[in-house]
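A.B. asks: Okay, here's the structure, questions in a sec.
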Amino acid sequence: MLRRAVLRWYVRHGRDFPWRKTTSPYAILVSEVMLQQTGTARVILKYLDFLSRCPTAASLAAASLKEVLTLWSGLGYNGRARNLWNAMRRIRADRGGRLPRSTAALRRLPGIGRYTSAAVACFAYNARVPIVDTNVRRVLSRSMLGLDDCGERKVWQLADALLPARAAKSWNQGLMDIGAIFCRPRPKCAQCPAKRHCRWAASGMASIAAKRATKTAFWGSSRFYRGRIVRALVEKSPLRLIDLGVKVKQGFDKTELAWLAELVVRLESDGLVKLDRLRQRARLA
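For the sequence shown, the residue numbers in our numbering are 1 to 285.
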């Protein structure tokens with residue numbers, strides 16, 4: 001049975017991360033926000049340092065956005081840092097710095113969706129709730145239905161139906177680990193501890209998955225330059241757009257001001273920067 005295979009494997013081989021050694025709702029929330037769209041190897045390098053500087057919800061709320069973005073530097077997707085900061089400011093104002101226990105209350109905080117609220121509820125409060133990230137989605141879609149992706153609604157239904165009466169925390173983390181290590185976009189079915197219970201592996205679909213296209217390069221992308229803009233403004237703010245351009249792109253000249261302004265406007269819509277259109281200056285929000 002899939003549950004037995006996952007739990008047995010996880011007890012012996014589950015991955016060791018610092019955020020799995022705490023039950024602090026705040027520390028777990030920080031890790032989950034960092035892990036959104038960022039690999040564990042990069043998060044490990046930042047997580048403990050971030051917590052040493054901002055060990056509580058109240059301390060993060062008391063920091064400036066500039067301080068938070070400085071600590072966040074290197075993780076990318078700076079909007080996550082802003083949302084986390086705003087969430088802790090709301091927690092400090094409304095709840096005295098204590099995070100709520102229910103998934104519904106957690107989801108009312110900025111930047112916290114269904115997955116993150118479930119992860120905090122399960123890992124911090126031992127709530128018996130399903131958790132679905134991209135790894136879990138692959139494992140359940142493939143093993144239970146023989147599909148590469150069964151869709152958002154169906155996979156959450158599956159995750160809920162398969163929850164064990166006990167050990168929901170180990171079950172959820174085990175599914176994540178198996179998805180990250182074995183049931184990848186290019187899978188390692190031969191080594192997977194769940195292969196005997198997987199319809200997708202039995203159908204021979206692994207050879208098709210191995211032909212997936214590679215991801216679009218990050219270097220030189222819009223997201224790459226938006227990250228550089230934020231870092232430049234953390235170092236010095238405000239900056240004229242022409243000076244900002246020189247800092248973020250080698251060989252920048254005036255003909256690229258419209259391109260730069262478009263990136264700044266996108267960051268402004270994310271609440272990270274402010275653009276003075278009259279003076280052609282940008283600053284941190």
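Glycine included, each C-beta is placed from N, C-alpha and C at the ideal position.
Classify I240 as helix, strand or coil using the three-state DSSP reduction.
C.D. replies: The question names Ile, but residue 240 is Arg in the sequence shown. DSSP places R240 in strand when its eight states are reduced to three.
A.B. asks: Pull up the CB-CB distance for L99 and L29, whole angstroms please, since I reckon it's below 8 angstroms.
C.D. replies: The Cβ separation is near 7 angstroms, so the contact holds.
A.B. asks: In three-state DSSP terms, what is A213?
C.D. replies: Only weak support is given to the placement of A213: the predicted model assigns it a pLDDT of 47, under 50, and the question is left unresolved by the model.
A.B. asks: What residues are listed by DSSP as bridge partners for D177?
C.D. replies: DSSP lists no partner for D177.
A.B. asks: Answer yes if the region 256-276 comes into contact with the region 76-88, meaning at least three C-beta pairs across the two stretches below 8 angstroms, and no otherwise.
C.D. replies: Yes, they touch.
A.B. asks: With DSSP as the reference, identify every bridge partner of R283, one or two as the case may be.
C.D. replies: Answer is K274, bridged to R283.
A.B. asks: Expressed to the nearest angstrom, what Euclidean distance is found between the alpha-carbon atoms of V6 and I131?
C.D. replies: The alpha-carbon atoms of V6 and I131 are separated by roughly 15 angstroms.
A.B. asks: Please identify the residue among S170, D276, D148, L75 whose C-alpha is closest to the C-alpha of K21.
C.D. replies: The option with the nearest alpha carbon to K21 is S170.
A.B. asks: By how many angstroms is the C-alpha of G245 removed from the C-alpha of L275?
C.D. replies: Their backbone Cα atoms lie some 14 angstroms apart in a straight line.
A.B. asks: With a CB to CB cut of under 7 angstroms and the five nearest residues on each side skipped, what residues in its chain are close to R128?
C.D. replies: Cβ within range, chain order: L163, A168.
A.B. asks: Quick one: using the 10 Å Cβ neighbour count with 16 as the cut-off for buried, is R186 buried or exposed?
C.D. replies: Classification for R186: exposed.
A.B. asks: Do you know how far the Cα of A119 is from the Cα of N126?
C.D. replies: Looking at the two C-alpha atoms, the distance is approximately 10 angstroms.
A.B. asks: I need the boundaries of the alpha helix (DSSP H) containing I91, first residue and last residue.
C.D. replies: That run of the alpha helix (DSSP H) goes 78-95.
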